[in-house]
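Student: Residue numbers (UniProt numbering): 1 to 364.
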Amino acid sequence: MPNLNRLNEILTQNLTMNKARITCLSLMIIALITAQSSNLKKIARHLPSRGKTDSHYRRLQRFIASAVIDYDQLAILLYRLFGLSKVTLTIDRTNWKWGKSNINIFMLGVVYKGIAIPLYWDMLDKRGNTNHLERAELIERFIKQFGKHNIDMILADREFVGERWFNWLTEHHIPFAIRIKKNSKVVNHHGKLVQIKELFRHVTAFETYRHGRILVVDGCAVRVFAKRDKDHGLVIVATNQLQTLDAMTIYAKRWEVENLFACLKGRGFNLEDTHLTKMDRVSKLVAVNALAFCWAYHVGIYHDKDKPLKRKLKSNGRPQASLFALGLDLLIEGLRLVLLNNDKAVFRQLVSFLTPKPVKIGWG
Numbered sequence: 001m002p003n004l005n006r007l008n009e010i011l012t013q014n015l016t017m018n019k020a021r022i023t024c025l026s027l028m029i030i031a032l033i034t035a036q037s038s039n040l041k042k043i044a045r046h047l048p049s050r051g052k053t054d055s056h057y058r059r060l061q062r063f064i065a066s067a068v069i070d071y072d073q074l075a076i077l078l079y080r081l082f083g084l085s086k087v088t089l090t091i092d093r094t095n096w097k098w099g100k101s102n103i104n105i106f107m108l109g110v111v112y113k114g115i116a117i118p119l120y121w122d123m124l125d126k127r128g129n130t131n132h133l134e135r136a137e138l139i140e141r142f143i144k145q146f147g148k149h150n151i152d153m154i155l156a157d158r159e160f161v162g163e164r165w166f167n168w169l170t171e172h173h174i175p176f177a178i179r180i181k182k183n184s185k186v187v188n189h190h191g192k193l194v195q196i197k198e199l200f201r202h203v204t205a206f207e208t209y210r211h212g213r214i215l216v217v218d219g220c221a222v223r224v225f226a227k228r229d230k231d232h233g234l235v236i237v238a239t240n241q242l243q244t245l246d247a248m249t250i251y252a253k254r255w256e257v258e259n260l261f262a263c264l265k266g267r268g269f270n271l272e273d274t275h276l277t278k279m280d281r282v283s284k285l286v287a288v289n290a291l292a293f294c295w296a297y298h299v300g301i302y303h304d305k306d307k308p309l310k311r312k313l314k315s316n317g318r319p320q321a322s323l324f325a326l327g328l329d330l331l332i333e334g335l336r337l338v339l340l341n342n343d344k345a346v347f348r349q350l351v352s353f354l355t356p357k358p359v360k361i362g363w364g
């Protein structure tokens, strides 16, 4: 078992928990990374501590059931870890079904170097989309801690539309770039009510078109942009920043929250492996995932800065190997050295990546 003092110290400085809970959290983060699974039984098998798997499993169950996590404290820790100030936010949902239970996570992340950083999330006790009140509540949690002045833009896909939502954002002076539905109704230059796609039939491939008039969409005055995707379908984006020259480029960063979900799920910690169904317990598991993800992502970012790698590009122009994947591999390799050789120096280097100023790693 590695000496957890420094890791415990960092977590204690940022999260209000007793020593036993902090130690369990430290062990759980390490085991989640090495197991690459969010199933508590599999995590228990990788817990770097003496004892039987069943005993570890019961310990993890008690933590998930009883530990109290201050999500504001966690958000502040992650915000400071990456040295964030004014940020672009992106919101989205991910959901799956376990038995008869619907797990539906509504996430707010910060756009950052290709993958969104998870800051806040809500567990929705339903299958479908959010309403404007649920969206506003999640944004207000960010504002309460970091201030409205630190929101540069909010990005969202076309399920996050609606008059009350658009008006709430505009009334609170929060900029947005949101994809809208092709059948949204607008008034054309003849004064006739039409589907918005009719205004963009002429848009060709490889062209981003900025409509010349301010349009009213869902009761809100917006500037509208359109382009064709790779399947020649229309992508239409609206922004309440009426002087914006290219909201489409900004909106493209919305994809980073999809990358985050991929990292938490199939590419990283297999979040859907969990058999948890109670909302508060799933939320705590997401918190552990968020810490593990940010640890790995921070390692990848700094290692790429120190030793830039030539990463092959996919057809969409994005790198095949993400900085998260790079960091996760290095983190697992480093933890293996720690667990096999009791290498305290390597562990100190690893743990430094949970601080804003990490030290250079000596392997990889």
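Virtual Cβ for every residue (Gly too), placed ideally from N, Cα, C.
Return the chain-ordered list of same chain residues with a C-beta closer than 8 Å to the C-beta of Arg-93, the five sequence neighbours on each side being excluded.
Tutor: Within the sequence shown, numbered from 1, the residue matching residue 93 stands at position 93. Excluding residues within five positions, the ones whose Cβ falls inside 8 Å are Asn-104, Ile-105, Phe-106, Met-107, Leu-124, Asn-129, Thr-130, Glu-159.
Student: Taking the CB atoms as reference points, tell me whether Ile-151 and Val-111 lie closer together than 8 Å.
Tutor: The count along the sequence shown starts at 1 and reaches residue 151 at position 151. The count along the sequence shown starts at 1 and reaches residue 111 at position 111. The answer is no: Cβ separation not under 8 Å.
Student: Under DSSP, the alpha helix (DSSP H) around Asn-5 begins and ends at which residues?
Tutor: For the purposes of this step, residue 5 is taken as residue 5 along the sequence shown, with counting starting at 1. Taken as a continuous stretch (DSSP letters only), the alpha helix (DSSP H) holding Asn-5 covers 5-14.
Student: Tell me which residues share the same chain as Phe-200 and place their Cβ nearer than 7 Å to its Cβ, disregarding the 5 neighbours each side in the sequence.
Tutor: As a working mapping, residue 200 is identified with position 200 in the sequence shown. The answer, listed in chain order, is Tyr-209, Ala-226, Leu-234, Ile-236.
Student: From this set, Arg-45, Ile-30, Arg-228, which residue's C-alpha is nearest Phe-293's C-alpha?
Tutor: For the purposes of this step, residue 293 is taken as the residue at position 293 of the sequence shown. Ranking Arg-45, Ile-30, Arg-228 by Cα distance to Phe-293 puts Ile-30 first.
Student: Between Arg-179 and the rest of its own chain, which residues show a CB-CB distance below 7 Å, the 5 nearest in sequence each way excluded?
Tutor: By one-based count along the sequence shown, residue 179 stands at place 179. Result list for Arg-179: Asp-157, Arg-158, Val-235, Ile-236, Val-237, Tyr-251, in chain order.
Student: Compute the Euclidean distance between the alpha carbons of Trp-168 and Phe-146, then round it to the nearest angstrom.
Tutor: Within the sequence shown, numbered from 1, the residue matching residue 168 stands at position 168. Within the sequence shown, numbered from 1, the residue matching residue 146 stands at position 146. Near 19 Å, if we compare the C-alpha coordinates of Phe-146 and Trp-168.
Student: Identify, in the order they occur along the chain, each residue of the same chain with its Cβ nearer than 6 Å to the Cβ of Val-351, setting aside the five sequence neighbours on each side.
Tutor: Mapped onto the sequence shown, residue 351 falls at position 351. Cβ within range, chain order: Arg-6, Leu-7.
Student: For Leu-309, does the three-state DSSP call read helix, strand or coil?
Tutor: Within the sequence shown, the letter at position 309 stands for residue 309. Of the three classes helix, strand and coil, the one that applies to Leu-309 here is coil, per DSSP.
Student: Just the C-alpha distance for Gly-51 and Arg-58, rounded to the nearest angstrom, thanks.
Tutor: Position 51 of the sequence shown, counting from 1, holds the residue named residue 51. Position 58 of the sequence shown, counting from 1, holds the residue named residue 58. Cα-Cα distance, rounded: 11 Å.
Student: DSSP beta-bridge partners for Asp-70?
Tutor: Translated into the one-based positions of the sequence shown, residue 70 becomes position 70. Note: Asp-70 sits in no beta bridge, so no partner.
Student: Around the C-beta of His-190, are 16 or more other C-beta atoms found within 10 angstroms, so that it is buried, or is it exposed?
Tutor: Taking the sequence shown and counting its residues from 1, one reaches residue 190 at position 190. Label assigned to His-190: exposed.
Student: So, do the stretch 260-278 and the stretch 113-121 have three or more beta carbon pairs nearer to each other than 8 Å?
Tutor: They touch, by the three-pair rule.
Student: Helix, strand or coil, according to DSSP, for Asp-152 in the structure here?
Tutor: What you label residue 152 is simply residue 152 of the sequence shown in a count that begins at 1. The answer is strand: DSSP assigns Asp-152 an E or B state.
Student: What do you get for Asn-341, buried or exposed, if any count of 16 or more other CB atoms within 10 angstroms of its CB means buried?
Tutor: For this step, residue 341 is matched to residue 341 along the sequence shown. Answer is exposed; the Cβ neighbour count stays below 16.
Student: Pick out whichever of Thr-204, Lys-253, Val-224, Gln-243 has its Cα sitting closest to the Cα of Asp-231.
Tutor: For the purposes of this step, residue 231 is taken as the residue at position 231 of the sequence shown. If we check each option's Cα against that of Asp-231, Thr-204 comes out closest.
Student: Lys-284 and Ile-64 - do their beta-carbons sit closer together than 8 Å?
Tutor: To locate residue 64, count along the sequence shown from 1; it is residue 64. To locate residue 284, count along the sequence shown from 1; it is residue 284. Result yes, Cβ atoms of Ile-64 and Lys-284 sit closer than 8 Å.
Student: Can you tell which of His-173, Ala-221, Ala-287, Asp-273 has its C-alpha closest to the C-alpha of Ile-154?
Tutor: In the sequence shown, residue 154 corresponds to position 154, counting from 1. Considering only alpha carbons, the answer is His-173.
Student: Within 10 angstroms of the Cβ of Arg-21, are there 16 or more other Cβ atoms? Answer buried if so, exposed if not.
Tutor: For the purposes of this step, residue 21 is identified with residue 21 of the sequence shown, where counting begins at 1. The residue in question, Arg-21, is buried, as its Cβ has 16 or more Cβ neighbours within 10 Å.
Student: From Asp-122 to Asn-39, what does the alpha carbon distance come to, in whole angstroms?
Tutor: As a first step, residue 122 is located in the sequence shown; it is residue number 122 there, counting from the start. As a first step, residue 39 is located in the sequence shown; it is residue number 39 there, counting from the start. Cα to Cα, the separation comes out at about 20 Å.
Student: Give me the DSSP bridge partner(s) of Asp-92.
Tutor: The sequence position of residue 92 within the sequence shown is 92, counting from 1. DSSP, once it has assigned bridges, lists Met-107 as partnering Asp-92.
Student: For the alpha helix (DSSP H) containing Ala-136, list its first residue and its last residue.
Tutor: Here residue 136 corresponds to residue number 136 of the sequence shown, with the count starting at 1. From DSSP, the alpha helix (DSSP H) with Ala-136 extends over 132-146.
Student: Can you tell me whether Tyr-112 is helix, strand or coil according to DSSP?
Tutor: Mapped onto the sequence shown, residue 112 falls at position 112. Tyr-112 falls in the coil class under three-state DSSP.
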